[in-house]
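S.K.: The working numbering puts the first residue of the sequence shown at 283, with every later residue one more than the last.
Positions of the beta carbon are idealized from the N, C-alpha and C atoms, including for glycine.
Just so it is clear, the structure is predicted and the values come from calculations on it, not from any experiment.
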Amino acid sequence: MTAYSVRARPGLPVSVPIALDELAGLKSSAQWDITNLEQRLKRLKDDPWAGYSNRRKITQKMWKQLGAKRP
């Protein structure tokens with residue numbers, strides 16, 4: 283699933299990245315939808331992904347397990 287994508291469920295919830303300090307305040311996975319996402323974005327002070335770096339690589343063993351060839 284891609285961040286900021288609408289899910290095909292009732293209410294059209296939207297997938298959003300969240301910061302660790304937001305976890306305690308979450309009500310549900312459908313907390314943000316197409317009607318209130320703009321409000322959330324305006325309230326954000328910082329990018330929830332700031333400082334995040336995904337350095338993991340798919341290893342040769344993983345490619346083999348996937349039954350795929352490395353691009």
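For the region 290 to 306 against the region 315 to 325, do three or more pairs of beta-carbon atoms, one drawn from each stretch, fall closer than 8 angstroms, so that the two count as touching?
M.R.: yes
S.K.: Once DSSP output is grouped into helix, strand and coil, what is the label at Asp303?
M.R.: As a working mapping, residue 303 is identified with position 21 in the sequence shown. Note: Asp303 maps to helix in three-state DSSP.
S.K.: Taking 8 angstroms as the limit between beta carbons, can you name the residues of its chain near Ala301, skipping five residues before and five after?
M.R.: Position 19 of the sequence shown holds residue 301. When the five nearest sequence neighbours on each side are left out, the beta carbons in the same chain lying within less than 8 angstroms of the beta carbon of Ala301 are those of Asp328 and Pro330, in order along the chain.
S.K.: For Arg352 and Lys339, I'd like the C-alpha separation in whole angstroms.
M.R.: On the sequence shown, position 70 is the one that residue 352 refers to. On the sequence shown, position 57 is the one that residue 339 refers to. Using only the alpha carbons, I get a separation of about 11 angstroms.
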